[in-house]
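Novice: In this note's numbering, the protein residues as written are 1 to 306.
Sharing a structure, written as structure tokens. Questions coming.
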Ligand SMILES: [Fe+2]
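Laid out in structure tokens, this is it:
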């Protein structure tokens with residue numbers, strides 16, 4: 001069939017068959033997606049066995065809760081960021097701390113504290129390098145934002161996230177820090193390690209067929225929000241990681257790889273109450289004022305909560 005014939009045929013299925021008013025947005029999206037799928041089936045001569053294999057794949061990926069991992073793996077979450085950047089640029093919003101993908105592993109309800117939090121529960125203190133990260137949350141004019149909310153989460157040394165990994169204590173490596181009167185935040189944690197897609201899982205299987213790896217560089221996730229400001233969803237990457245610019249989720253961006261300072265001065269260790277050297281990262285967040293001209297920076301999606 002020609003693409004035009006497919007468009008006409010799919011319209012009879014999705015639009016002309018309606019017997020009551022449709023949701024126009026849903027109708028337009030489904031019409032487009034089904035038409036595009038039929039065109040792909042025609043152009044690529046997709047056989048029924050291949051179609052059912054694909055459907056079974058998606059069914060299993062859904063059952064295994066891996067669709068949220070497949071989405072960044074195929075670049076789609078990065079694509080939504082690119083579109084968000086473009087929409088902001090059209091509304092005159094440029095610069096500031098770059099956004100990058102949320103990923104599927106945020107959990108709402110983390111303990112909240114003012115100014116400082118320790119993220120780790122101490123179980124990996126022996127094996128891990130202690131990390132202090134600190135900075136200021138600014139508005140677009142460079143004014144510090146007291147009372148801003150810095151939500152932070154990252155993986156443990158095995159590359160696993162608490163809540164999804166039930167062997168970890170509740171909210172391990174997850175906290176919400178409210179900036180102090182000077183707009184500053186600081187946390188102590190352990191330096192995260194990179195991780196890969198679950199071996200043998202749906203995402204890994206497809207990446208394997210595509211000849212790709214499923215590894216991420218070590219990183220720390222953030223939501224940063226403040227009254228009247230656009231919510232920032234971002235991550236920092238740990239400099240020196242072998243996958244720093246080869247992330248299967250395409251989340252690495254210029255401006256999100258802060259320098260790491262290694263501190264071994266005895267006086268500095270004493271001040272922190274530490275017996276071994278630690279790492280320190282300074283990183284400021286620069287937010288934008290919310291404007292009506294740009295789409296909401298608050299992305300609605302189902303998220304875990306504990
Ligand atoms: Fe992550």
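The beta-carbon is built from N, C-alpha and C at its ideal position, and this holds for glycine as well.
By Cβ distance below 7 Å, which residues in the same chain neighbour residue 11 in space, the five residues on each side in sequence not counted?
Specialist: For the purposes of this step, residue 11 is taken as the residue at position 11 of the chain shown. 31, listed in sequence order.
Novice: Taking its Cβ as the centre, do 16 or more other Cβ atoms sit within 10 Å of residue 224, making it buried, or is it exposed?
Specialist: Along the chain shown, one-based indexing puts residue 224 at 224. Classification for residue 224: buried.
Novice: Would you report the Cα separation of residue 38 and residue 6, rounded to the nearest angstrom?
Specialist: The residue you call residue 38 lines up with position 38 of the chain shown. The residue you call residue 6 lines up with position 6 of the chain shown. Distance between the alpha carbons of residue 38 and residue 6 is about 7 Å.
Novice: Shorter than 7 Å, the distance from the beta carbon of residue 155 to the closest heavy atom of ligand 3, or not?
Specialist: No copy of ligand 3 appears in this structure; the ligands present are ligand 1.
Novice: Pull up the distance between the alpha-carbon of residue 287 and that of residue 231, whole angstroms please.
Specialist: Mapped onto the chain shown, residue 287 falls at position 287. Mapped onto the chain shown, residue 231 falls at position 231. Residue 287 and residue 231: Cα-Cα distance of roughly 8 Å.
Novice: So for residue 219, helix, strand or coil by DSSP?
Specialist: For the purposes of this step, residue 219 is taken as residue 219 along the chain shown, with counting starting at 1. It is a strand residue.
Novice: Cα-Cα, which of 40, 88, 148, 220 is closest to residue 105?
Specialist: For the purposes of this step, residue 105 is taken as residue 105 along the chain shown, with counting starting at 1. It is 220.
Novice: Is the segment 147 to 156 in contact with the segment 65 to 83, if contact means three or more CB pairs nearer than 8 Å?
Specialist: no
Novice: Tell me the rounded alpha-carbon separation between residue 112 and residue 273.
Specialist: Looking up residue 112 in the chain shown gives position 112. Looking up residue 273 in the chain shown gives position 273. Roughly 23 Å separates the two Cα atoms.
Novice: Which ranges does the beta strand (DSSP E) cover as unbroken runs of at least 3 residues, wholly within the segment 101 to 137, from first to last along the chain?
Specialist: 112 to 114, 116 to 118
Novice: I'd like to know whether the C-beta atoms of residue 214 and residue 197 end up nearer to each other than 8 Å.
Specialist: Sequence index remark: in the chain shown, residue 214 carries index 214 (1-based). Sequence index remark: in the chain shown, residue 197 carries index 197 (1-based). Against a cut-off of 8 Å, the Cβ pair of residue 197 and residue 214 comes out as a contact.
Novice: DSSP has residue 237 in a bridge; who is on the other side?
Specialist: On the chain shown, position 237 is the one that residue 237 refers to. Looking at the DSSP assignment, residue 237 forms a beta bridge with 219.
Novice: Taking residue 126 as the reference, give the member of 143, 303, 277, 289 with the closest Cα.
Specialist: Counting from 1 along the chain shown, the entry for residue 126 is found at position 126. The candidate whose alpha carbon is nearest that of residue 126 is 277.
Novice: Going by the C-beta, is residue 256 closer than 7 Å to any heavy atom of ligand 1?
Specialist: In the chain shown, the residue the question calls residue 256 occupies position 256. No, ligand 1 has no heavy atom inside 7 Å of this Cβ.
Novice: On the criterion of 16 or more Cβ atoms from any shown chain inside 10 Å, does residue 172 qualify as buried, or is it exposed?
Specialist: The residue labelled residue 172 in the question sits at position 172 within the chain shown. The C-beta of residue 172 has 16 or more other C-beta atoms within 10 Å across all chains shown, which makes the residue buried.
Novice: If we ignore side chains and look at the alpha-carbon of each, how far apart do residue 266 and residue 91 end up?
Specialist: Numbered from its first residue, the chain shown carries residue 266 at position 266. Numbered from its first residue, the chain shown carries residue 91 at position 91. Going by the C-alpha atoms only, they are around 50 Å apart.
Novice: Compare the beta carbon distance of residue 191 and residue 131 with 8 Å and say whether it is the shorter of the two.
Specialist: In the chain shown, counting from the first residue as 1, residue 191 sits at position 191. In the chain shown, counting from the first residue as 1, residue 131 sits at position 131. In this structure, residue 131 lies closer than 8 Å to residue 191 by Cβ.
Novice: Answer yes or no: the CB of residue 183 versus the heavy atoms of ligand 1, is any distance below 7 Å?
Specialist: By one-based count along the chain shown, residue 183 stands at place 183. For ligand 1, not one heavy atom lies less than 7 Å from the Cβ of residue 183.
Novice: I'd like the span of the alpha helix (DSSP H) that includes residue 71, first residue to last.
Specialist: Working through the chain shown from its first residue, we reach residue 71 at position 71. Its alpha helix (DSSP H) spans residues 67 to 73.
Novice: Please determine, among 259, 253, 72, the residue with the shortest C-alpha to C-alpha distance to residue 279.
Specialist: Within the chain shown, numbered from 1, the residue matching residue 279 stands at position 279. Taking only the C-alpha atoms, the option nearest residue 279 is 259.
Novice: With a 10 Å radius around its C-beta and 16 neighbouring C-beta atoms as the bar for buried, classify residue 162 as buried or exposed.
Specialist: Walking along the chain shown from the start, residue 162 turns up at place 162. With 16 or more other Cβ atoms within 10 Å, it is buried.
Novice: Does the beta-carbon of residue 200 have 16 or more other beta-carbons within 10 angstroms, so that it is buried, or is it exposed?
Specialist: As a first step, residue 200 is located in the chain shown; it is residue number 200 there, counting from the start. With fewer than 16 other Cβ atoms within 10 Å, it is exposed.
Novice: Please report the distance separating the alpha-carbon of residue 117 from that of residue 234.
Specialist: Position 117 of the chain shown, counted from the first residue, corresponds to residue 117. Position 234 of the chain shown, counted from the first residue, corresponds to residue 234. Our two residues, residue 117 and residue 234, have alpha carbons roughly 19 Å apart in a direct line.
Novice: Any idea if residue 76 is buried or exposed, counting beta-carbon neighbours within 10 angstroms, 16 or more meaning buried?
Specialist: If you number the chain shown from 1, residue 76 lands on position 76. Under this definition residue 76 is an exposed residue.
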